[in-house]
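Visitor: Be aware that the sequence shown starts at 6, since it is given in my numbering, and climbs by one per residue. I'd like to ask you about the structure that follows.
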Amino acid sequence: MLDFKYMVSTKIFFGRNSIEYLGEELKRYGTRILFVYGQGSIKKTGLYDSVTDIFMKNNIIFHELSGVQPNPRISHVRQGIKLCREHDIECIVAVGGGSVIDSAKTIAAGFYHDGDPWDLFVIGDSSIKKALPLGTILTFAGTGSEMNGNAVITNEETVEKLAIHHDALRPRFSILDPTYTFSVPKNQTAAGTVDIFSHILEQYFSPTTDAFVQNRMAESLLKTCIEYGPLVLAEPANYEARAQLMWTSSLALNGILGYGRLSDWATHGIEHAVSAVYDVTHGVGLAILTPYWMQYVFDEETKGKFVEYARNVWGIKGTNEDVVAKKGMEKTREFFSCLGMPKTLREVGIKENALESMAVKTVLHGAVGKFKKLEKHDVLTILKNAF
Ligand code: NZQ
Ligand code: ZN
6 MLDFKYMVST KIFFGRNSIE YLGEELKRYG TRILFVYGQG SIKKTGLYDS
56 VTDIFMKNNI IFHELSGVQP NPRISHVRQG IKLCREHDIE CIVAVGGGSV
106 IDSAKTIAAG FYHDGDPWDL FVIGDSSIKK ALPLGTILTF AGTGSEMNGN
156 AVITNEETVE KLAIHHDALR PRFSILDPTY TFSVPKNQTA AGTVDIFSHI
206 LEQYFSPTTD AFVQNRMAES LLKTCIEYGP LVLAEPANYE ARAQLMWTSS
256 LALNGILGYG RLSDWATHGI EHAVSAVYDV THGVGLAILT PYWMQYVFDE
306 ETKGKFVEYA RNVWGIKGTN EDVVAKKGME KTREFFSCLG MPKTLREVGI
356 KENALESMAV KTVLHGAVGK FKKLEKHDVL TILKNAF
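Written out as structure tokens, the structure reads:
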């Protein structure tokens, strides 16, 4: 176990009708609010009306920033910061999935930054000193952004997608009502499930061998995705299945699995380079890349971890460790297929001549991966194999 500082500070209101806590919570942070949301799903589901009713009943003055798109853009974040400064905003409310929440976090930190908000991503986490308070209402289970201090933003001018992390970015509160995810379309639900699964794997495949409690927690969360992912696709309005996935999404990336050990994050590094260039859905990119990453990093040194994964997560029996490990990888591939995920980059429209620049972008700030360090040529081989 490595040393760590524990900080998971977001207050969670989980369950049906937990939006009733919104008015009371907002009173702690002020009456002038920026309301950030996406491209319209909350208007179709009626959530927009519920939120604005609560604002009005609580005498909250709100300004709207709508239109956040998946793989959110820095130019849109700049508009949000401008609105916050013009209207002397005291608090931000984000209603949506990871893209909406990540935009809101970047606006919250950018508000206090003298230069351009993209500086935060280039200079890195040390450039963040404070952020406006943020509350979220989650409509999509996947990123865990509702309970963590991460934000991932695309710069459309430089064609980069980068992440920042700071505890000041953790939402002060998040409202998690699983019924809000009933309307997420099947392909997006599947992509969110893969994203959750991948967050757990990135921390499970760790070079820190002394992490018994973290490993057993991770295995439980992986099994929850395996149990409820297919069920939620078959029954989109199954409350228990949606609830299990929603809470797993938060636990998978609120820090609890990663404290006390190193985490890998190579597959995410590669996927961010892919979706920066091709605007691929994050979870779809991960579903394609993860099996090829596994195949590439599997060797005598890493075999033990793959055997542990195959036995404890997939229940694979047998004494031949190579066979057991490979069956675990095969099960992973089958799981993503049963969720309807594509298997190759070619299938999502990526051209072979883009792979080189994706590999360059992945390692622009250094080699990726702690479980297995990957340089540019390693990343390029994984991308070519996945093509
Ligand atoms: O824009 P609207 O109309 O709301 O539609 C969204 C969007 O098209 C739709 N949607 C969301 N809730 C819905 C719904 N449709 C119907 N009913 C609902 N209840 O779903 C689409 C995808 O939404 P998005 O927010 O983009 O999905 P997700 O939560 O997967 O976020 C992906 C982004 O987060 C980043 C990814 O890279 C990507 O940019 N990540 C953020 C992380 C973090 N902050 O910790 C970690 C992740 O690894 C990831 O990198
Ligand atoms: Zn992710």
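Here a beta-carbon is modelled for each residue, glycine too, at the ideal position from N, C-alpha and C.
1) How many angstroms separate the CA atom of F202 from the CA atom of W123?
2) Using a threshold of 8 Å, state whether the C-beta atoms of V41 and G102 are closer than that.
3) Where do the N-terminal and C-terminal ends of the beta strand (DSSP E) with R37 fall, by residue?
4) Below 8 Å, can you find three or more Cβ-Cβ pairs linking the stretch 156-168 to the stretch 131-140?
5) With the cut-off set at 8 Å, would you say N63 and D182 are in Cβ contact?
6) Round the Cβ separation of Y297 and A239 to the nearest angstrom and send it over; I've been treating them as touching at under 8 Å.
7) Hey, how far is the Cα of V127 from the Cα of F340?
8) Between C230, V218, A257 and F217, which lies nearest to A246 when the distance is taken from Cα to Cα?
9) Look up R78 in the DSSP assignment and say whether it is helix, strand or coil.
10) Could you tell me which uninterrupted alpha helix (DSSP H) segments, each at least 4 residues in length, are contained entirely in the stretch 354-380, listed from first to last along the chain?
11) Give the straight-line distance between the Cα atoms of K48 and T57, rounded to the nearest whole angstrom.
12) Shortest alpha-carbon distance to Y233 belongs to which of S254, F217 and E305?
13) Are there three or more Cβ pairs, one per stretch, closer than 8 Å when the stretch 211-222 is compared with the stretch 73-80?
14) In the structure shown, what three-state DSSP assignment does T141 receive?
15) Considering only heavy atoms of the ligand NZQ, does any lie closer than 7 Å to the CB of Y185?
16) Which residue marks the beginning of the alpha helix (DSSP H) containing L125, and which one marks its end?
17) Let's see if you can read the secondary structure: which residues bound the beta strand (DSSP E) around G101?
18) Are the beta-carbon atoms belonging to A156 and L174 less than 8 Å from one another?
19) I'd like to know if the stretch 348-368 and the stretch 314-322 are in contact, where contact means that at least 3 CB-CB pairs between them fall below 8 Å.
20) Which first and last residues belong to the beta strand (DSSP E) in which I293 is found?
21) What does the alpha-carbon distance come out to for the pair K310 and D327?
22) List, from N- to C-terminal side, the alpha helix (DSSP H) runs of 4 residues or more that fit wholly inside the stretch 211-294.
23) Verify whether the separation of the beta carbon atoms of K194 and I158 is less than 8 Å.
24) Going by DSSP, which residues form a beta bridge with T194?
25) Excluding the 5 residues preceding and the 5 following L227 in the sequence, name in chain order all residues of the same chain whose CB lies nearer than 8 Å to its CB.
26) Mind listing, in chain order, the continuous alpha helix (DSSP H) runs of no fewer than 4 residues lying wholly within the stretch 144-195?
27) Would DSSP call E69 helix, strand or coil?
28) Under 8 Å, do I97 and A114 count as touching if we go by C-beta distance?
29) Could you tell me which residues DSSP pairs with K16 in its beta bridges?
30) For S131, count neighbouring C-beta atoms within 10 Å of its own C-beta (all shown protein chains included) and say buried if the count is 16 or more, exposed if not.
31) State the Cα-Cα distance for the pair E162 and G371, rounded to the nearest angstrom.
32) Between which two residues does the alpha helix (DSSP H) containing N317 stretch?
33) Go ahead and pull the three-state DSSP assignment for M346.
34) Since E29 is in the alpha helix (DSSP H), which residue starts that stretch and which ends it?
35) Less than 8 Å between the C-beta atoms of L291 and I387, yes or no?
36) Under the assumption that F152 contacts I17 (Cβ atoms under 8 Å), give the Cβ distance between them as a whole number of angstroms.
Guide: Checking against the coordinates, here is how it stands:
1) 29 Å
2) no
3) R37 to Y42 is the span of the beta strand (DSSP E), which, as asked, contains R37.
4) Counting C-beta pairs closer than 8 Å gives fewer than three between the stretch 156-168 and the stretch 131-140, which falls short of the contact rule.
5) no
6) The pair is not a contact, with the Cβ atoms about 28 Å apart (cut-off 8 Å).
7) 36 Å
8) C230
9) The answer is strand: DSSP assigns R78 an E or B state.
10) 360-367
11) Roughly 11 Å separates the two Cα atoms.
12) S254
13) no
14) strand
15) yes
16) W123 to I128
17) C96 to G101
18) yes
19) no
20) I293 -> not in any beta strand (DSSP E); alpha helix (DSSP H) instead, spanning H287 to V302.
21) One Cα belongs to K310, the other to D327, and the distance between them is close to 11 Å.
22) 217-239, 244-257 and 271-283
23) It is worth fixing the name first, because residue 194 is Thr in this sequence and not Lys. Cβ distance not < 8 Å, so T194 and I158 don't count as in contact.
24) T194 is not bridged to any residue.
25) Cβ within range, chain order: F202, I205, L206, Y209 and V318.
26) none
27) Correct three-state label for E69: strand.
28) no
29) Per DSSP, F178.
30) S131 should be labelled exposed.
31) 21 Å
32) K308 to W319
33) coil
34) L27 to L31
35) no
36) Per the sequence presented here, residue 152 reads as Met, with Phe not at that position. With a Cβ gap of about 7 Å, M152 and I17 count as contacting.
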